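There are 2 protein chains.
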Amino acid sequence: MDFQTQAVAARRAAIELATLSRAAKDKALHSMADALAAAEPRLLEANAVDVEAARAAGTPESIVDRLTLTPARIAGMVQGLRDLAALPDPVGDVVRGWKLPNGVSVRQVRVPFGVIGIIYEARPNVTADAAGICLKSGNASLLRGSSSALNSNRVTVQALREGLEAVGVTPDAVNLVEGGRDVTGELMRARGLVDVLIPRGGAGLIQAVVDGSTVPVIETGTGNCHVYVDASADVEQAVAILLNAKTQRPSVCNAAETLLVHRDIADQFLPAALAALRDNGVTVHGDPATAAYADDVVPAGPGEYDAEYLTLDLAAKVVDSIDDALEHIREHTTGHSETIVTGSRKASERFVAEVDAAAVLVNASSRFVDGGEFGFGAEIGISTQKLHARGPMGLTEMTSSKYVVEGEGQVRA
Amino acid sequence: MDFQTQAVAARRAAIELATLSRAAKDKALHSMADALAAAEPRLLEANAVDVEAARAAGTPESIVDRLTLTPARIAGMVQGLRDLAALPDPVGDVVRGWKLPNGVSVRQVRVPFGVIGIIYEARPNVTADAAGICLKSGNASLLRGSSSALNSNRVTVQALREGLEAVGVTPDAVNLVEGGRDVTGELMRARGLVDVLIPRGGAGLIQAVVDGSTVPVIETGTGNCHVYVDASADVEQAVAILLNAKTQRPSVCNAAETLLVHRDIADQFLPAALAALRDNGVTVHGDPATAAYADDVVPAGPGEYDAEYLTLDLAAKVVDSIDDALEHIREHTTGHSETIVTGSRKASERFVAEVDAAAVLVNASSRFVDGGEFGFGAEIGISTQKLHARGPMGLTEMTSSKYVVEGEGQVRA
Chain A
1 MDFQTQAVAA
11 RRAAIELATL
21 SRAAKDKALH
31 SMADALAAAE
41 PRLLEANAVD
51 VEAARAAGTP
61 ESIVDRLTLT
71 PARIAGMVQG
81 LRDLAALPDP
91 VGDVVRGWKL
101 PNGVSVRQVR
111 VPFGVIGIIY
121 EARPNVTADA
131 AGICLKSGNA
141 SLLRGSSSAL
151 NSNRVTVQAL
161 REGLEAVGVT
171 PDAVNLVEGG
181 RDVTGELMRA
191 RGLVDVLIPR
201 GGAGLIQAVV
211 DGSTVPVIET
221 GTGNCHVYVD
231 ASADVEQAVA
241 ILLNAKTQRP
251 SVCNAAETLL
261 VHRDIADQFL
271 PAALAALRDN
281 GVTVHGDPAT
291 AAYADDVVPA
301 GPGEYDAEYL
311 TLDLAAKVVD
321 SIDDALEHIR
331 EHTTGHSETI
341 VTGSRKASER
351 FVAEVDAAAV
361 LVNASSRFVD
371 GGEFGFGAEI
381 GISTQKLHAR
391 GPMGLTEMTS
401 SKYVVEGEGQ
411 VRA
Chain B
414 MDFQTQAVAA
424 RRAAIELATL
434 SRAAKDKALH
444 SMADALAAAE
454 PRLLEANAVD
464 VEAARAAGTP
474 ESIVDRLTLT
484 PARIAGMVQG
494 LRDLAALPDP
504 VGDVVRGWKL
514 PNGVSVRQVR
524 VPFGVIGIIY
534 EARPNVTADA
544 AGICLKSGNA
554 SLLRGSSSAL
564 NSNRVTVQAL
574 REGLEAVGVT
584 PDAVNLVEGG
594 RDVTGELMRA
604 RGLVDVLIPR
614 GGAGLIQAVV
624 DGSTVPVIET
634 GTGNCHVYVD
644 ASADVEQAVA
654 ILLNAKTQRP
664 SVCNAAETLL
674 VHRDIADQFL
684 PAALAALRDN
694 GVTVHGDPAT
704 AAYADDVVPA
714 GPGEYDAEYL
724 TLDLAAKVVD
734 SIDDALEHIR
744 EHTTGHSETI
754 VTGSRKASER
764 FVAEVDAAAV
774 LVNASSRFVD
784 GGEFGFGAEI
794 GISTQKLHAR
804 GPMGLTEMTS
814 SKYVVEGEGQ
824 VRA
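Same order as they appear, the protein sequences are chains A and B.
Per our numbering: the first sequence ends with 413, consecutive numbering throughout.
Per our numbering: the second sequence ends with 826, consecutive numbering throughout.
If you want it as structure tokens, here you go:
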């Protein structure tokens, strides 16, 4: 099927989805889960073909790992769909409402976007996850996965569509967009047919979608997250927070990438911090002031304060003041999550007010900036843009709103 | 000053504006108002130059009228700034907040976008209006007006900047972007320096900004607004609403452009409606079924159901059912404001649920879809897109949010 036909079908499906009750959507999610569970043998087979091709093409093992499905991972995808069914439905929520002086009533009500395009990399679990989140929020999805996961995605989407059909919901609610690069271009320029695009993946993918799209994009995040240890920080607390933010899961966007240390606490903090980082396998790339505290600090190269390592590497720098820290962050932030560790109210207030990011943390690990940790139940990504949604995006962020204006014949004077 | 330098200056100014108190911003608005009032003689002189040049270039009189400033219009601009000072400040509002199970506190707080670009046509009053709305919401503005209003805009912006300086606020909070078409392109692609672009003007301007921008755009609206008169409508009410929506101010985006009439009420409604429209100078462009009710109905040409007339013209069509009406609206809506006049709960419920637009009205004139009428106090435009803001945009819609996460050393397990 060509993209245009598919997008028009998704648009039609969106009309049906917009008025489905929560009960009908939850039933559909369970049916999708059942169908996906039943498809496990087919899915494992298809995935093995993808994995073999990726290995043959010399794909790095970390990417092959993301591409690989196991019975446990498929069970996770199935459970993810069931978990969505247990979450509240944002559609129909009244955001606010009031009466005009003439008695006309105005309500702002949450409604689905309509059709959402998801462009993502070789992680087949995203297929079920994104399709489920879109369905629960009343949106039809156009799923544009990586060609290297095509066989896995085909079986997954086929199963999800069978699940929808089994309960009388149009299968065009979930669509896999196939074809060459041209088709991605068509998707990105399908303004009017597609309401919003969400890229999920690395910085390169996101930049390409931002540059090439006329459809509105919700940018999800690269995170060059800073931990600033203020002069008044509790040293033990600061070490614990830094260690957690850097090492608890280094490959994710809310992990710490740069450490800034106030000069006045460097003597107390850095020896303890560098030892703890070393013990946990972290390589520190520091300025000369940091390097003075340990022999194994690698000199930070040019541009390294802009790096999103996503590995057990950490850039580090000693700063003269909170002003210097704020200025450094201003220059290098990707607007994701920025942390201060401090005992000073004045310092935390300035940091919270002046740092321009989706999340600003005081004395807590940036690893908490996550839809799951925030209690959203589901997360489509973490937005680092300022329009529409900023920070972790749950089901609520997958909706728009409309004003419902009701009167008894009132006209404007 | 070149655009890049100006945008960087605006970015710096935004840092200052983000932490200004409401009192400081209100003082600045009054100071801007004072300076603008004092500049009246200079402004009238400069405007006369613009108006003369426009006339000499054969500009249509309706556009010359929009370009022309009078003492009364300048007084309106001045008062607009003072009115903004009286409105609540959305910055700092807590949207929601909760505690994580481990005691970490999370608050979602409204913050300014940062730098807002406004691209608009030859209406010099927009310069003061947009600058004021941006300032009140804590944003720096890059104002890109029409070259035909350049002299007026220069004097206006100079006065506003003087007003800012007089109270110690950086004048770079308000900036006039000058130069050729290339500069508009630079503004539209200044992602990272400019946080959001808002085009204000006709469909052509908006399309050009949407197509050419990498900076996120809030699309403001063209309105092909429909009035659907259902079989069960109160005829007198329907005529009053249609007349108000069409004629109370035909040149604006929330005015009615197309009438749809259920076949079962055509005999009662159309003779009365067509007579009332005629009495008010409206030309009706109808299908044959409508034309059967009056001699002066002009046949609706191809594409006329997509026209945003903005004049005393109205397209009209008789439909067989509410399904036909919904299908017609689906095909031709610009997603602005759509109205049903009906006595039936079932019909109004279907219309409200199924019509995909910023505002859906039941038994009320679409002229109420307006920031002023909604009680927002100020309005930057009416968004017809689904991302971020939909419908009338007041000060709240000129903000983003950030999460403030505070703990006592908590880390993720």
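Even glycine gets a Cβ: it sits at the ideal position worked out from N, Cα and C.
Just so it is clear, the structure is predicted and the values come from calculations on it, not from any experiment.
Residue j beta carbon less than 8 Å from that of residue i
| i | j | result |
| --- | --- | --- |
| valine 362 of chain A | isoleucine 340 of chain A | yes |
| threonine 222 of chain A | glutamate 308 of chain A | yes |
| arginine 479 of chain B | alanine 543 of chain B | no |
| serine 565 of chain B | leucine 456 of chain B | yes |
| leucine 430 of chain B | asparagine 538 of chain B | no |
| alanine 446 of chain B | valine 580 of chain B | no |
| arginine 825 of chain B | arginine 367 of chain A | yes |
| aspartate 287 of chain A | alanine 275 of chain A | no |
| methionine 811 of chain B | serine 550 of chain B | yes |
| serine 814 of chain B | valine 522 of chain B | yes |
| leucine 673 of chain B | valine 695 of chain B | no |
| glycine 794 of chain B | isoleucine 611 of chain B | yes |
| valine 477 of chain B | alanine 467 of chain B | yes |
| arginine 154 of chain A | alanine 23 of chain A | no |
| alanine 791 of chain B | leucine 500 of chain B | yes |
Identified DSSP bridge partners for residue i
| i | result |
| --- | --- |
| arginine 144 of chain A | A:Ile119 |
| serine 750 of chain B | B:Ala772 |
| glycine 794 of chain B | B:Met806 |
| isoleucine 611 of chain B | B:Ile531 |
| glutamine 823 of chain B | A:Ala364 |
| proline 299 of chain A | A:Gly286 |
| valine 229 of chain A | A:Val261, A:Val341 |
| aspartate 313 of chain A | A:Thr283 |
| asparagine 588 of chain B | B:Leu555 |
| arginine 604 of chain B | B:Val607 |
| tyrosine 403 of chain A | A:Gln108, B:Ala772 |
| valine 217 of chain A | A:Leu197 |
| proline 731 of chain B | The question names proline, yet the displayed sequence has valine at residue 731 of chain B. DSSP lists B:Val674 as partners of valine 731 of chain B. |
Chain A residues whose Cβ lies nearer than 9 Å to that of residue i
| i | result |
| --- | --- |
| serine 554 of chain B | Those within 9 Å of serine 554 of chain B in chain A number zero; the least Cβ separation is about 15 Å. |
| threonine 472 of chain B | Near threonine 472 of chain B there are no residues of chain A at all, since even the closest Cβ is about 30 Å away, more than 9 Å. |
| glutamine 661 of chain B | Val411, Arg412, Ala413 |
| phenylalanine 781 of chain B | Leu100, Asn102, Val104, Val106, Val405, Gly407, Gln410, Val411, Arg412 |
8 Å Cβ cut-off: residues of chain B touching residue i
| i | result |
| --- | --- |
| threonine 19 of chain A | Ala766, Glu767 |
| glutamate 373 of chain A | Leu513, Arg825 |
| isoleucine 329 of chain A | Those within 8 Å of isoleucine 329 of chain A in chain B number zero; the least Cβ separation is about 12 Å. |
| isoleucine 198 of chain A | By Cβ distance, chain B contributes nothing, its closest Cβ being about 11 Å from isoleucine 198 of chain A, past 8 Å. |
Chain-ordered neighbours of residue i on chain B, where CB pairs are closer than 7 Å
| i | result |
| --- | --- |
| alanine 359 of chain A | Lys815, Tyr816, Val818 |
| arginine 390 of chain A | Ser813, Ser814, Lys815 |
| glycine 377 of chain A | Here the premise fails: no neighbours, minimum Cβ distance about 13 Å. |
| valine 91 of chain A | The contacting residues do not exist; valine 91 of chain A stays about 10 Å from chain B at best. |
Within chain A, partners of residue i - CB distance below 7 Å
| i | result |
| --- | --- |
| valine 710 of chain B | Simply none; closest approach about 24 Å. |
| alanine 653 of chain B | Gly409, Val411 |
| phenylalanine 526 of chain B | Lys386 |
| glutamine 650 of chain B | Gly409 |
| threonine 627 of chain B | Val210, Asp211 |
Under 8 Å from the C-beta of residue i: neighbouring residues of chain A
| i | result |
| --- | --- |
| glutamate 670 of chain B | Here the premise fails: no neighbours, minimum Cβ distance about 16 Å. |
| aspartate 692 of chain B | Those do not exist, as aspartate 692 of chain B stays about 16 Å from chain A at its closest Cβ, beyond 8 Å. |
| asparagine 637 of chain B | Correct list: empty, because the minimum Cβ distance to chain A is about 14 Å. |
| isoleucine 793 of chain B | Result: empty, since nearest Cβ-Cβ is about 14 Å, beyond 8 Å. |
Min CB distance residue i to chain C below 8 Å
| i | result |
| --- | --- |
| glycine 204 of chain A | Among the protein chains of the structure shown, namely A and B, there is no chain C. |
Partners in chain B for residue i, counting only beta-carbon separations shorter than 9 Å
| i | result |
| --- | --- |
| asparagine 175 of chain A | Within chain B, no residue comes near asparagine 175 of chain A; the closest Cβ sits about 19 Å away, beyond 9 Å. |
| valine 362 of chain A | Val817, Val818, Glu819, Gly820 |
Threshold first: 3 residues or longer. Then list the beta strand (DSSP E) segments lying entirely within the stretch 58-138 of chain A, N to C. List check, beta strand (DSSP E) in window: 94-99, 105-112, 115-120.
Would you check if the stretch 322-338 of chain A and the stretch 287-299 of chain A touch, i.e. whether three or more CB-CB distances between them fall below 8 Å? At 8 Å Cβ cutoff, the stretches do not touch.
Tell me whether the stretch 782-798 of chain B and the stretch 627-634 of chain B touch, counting them as touching only if at least three CB pairs, one residue from each stretch, are closer than 8 Å. With contact defined as three or more Cβ pairs closer than 8 Å, the stretch 782-798 of chain B and the stretch 627-634 of chain B are in contact.
Take every Cβ of the stretch 224-231 of chain A, pair it with every Cβ of the stretch 134-149 of chain A, and state whether three or more of those distances are shorter than 8 Å. Contact between the stretch 224-231 of chain A and the stretch 134-149 of chain A is absent, because fewer than three Cβ pairs lie under 8 Å.
If you pair each beta-carbon of the stretch 760-779 of chain B with each one of the stretch 524-539 of chain B, do three or more pairs fall below 8 Å? Counting C-beta pairs closer than 8 Å gives fewer than three between the stretch 760-779 of chain B and the stretch 524-539 of chain B, which falls short of the contact rule.
Are there three or more Cβ pairs, one per stretch, closer than 8 Å when the stretch 496-516 of chain B is compared with the stretch 571-583 of chain B? No: the two stretches stay apart, fewer than three of their Cβ pairs being nearer than 8 Å.
Is the number of C-beta pairs between the stretch 2-19 of chain A and the stretch 193-207 of chain A that are closer than 8 Å three or more? Because the criterion of three Cβ pairs below 8 Å is met, the stretch 2-19 of chain A and the stretch 193-207 of chain A touch.
For the 8 Å Cβ check, are there 3 or more pairs between the stretch 182-190 of chain A and the stretch 68-82 of chain A? In short, these stretches do not touch, since the Cβ pair count stays below three.
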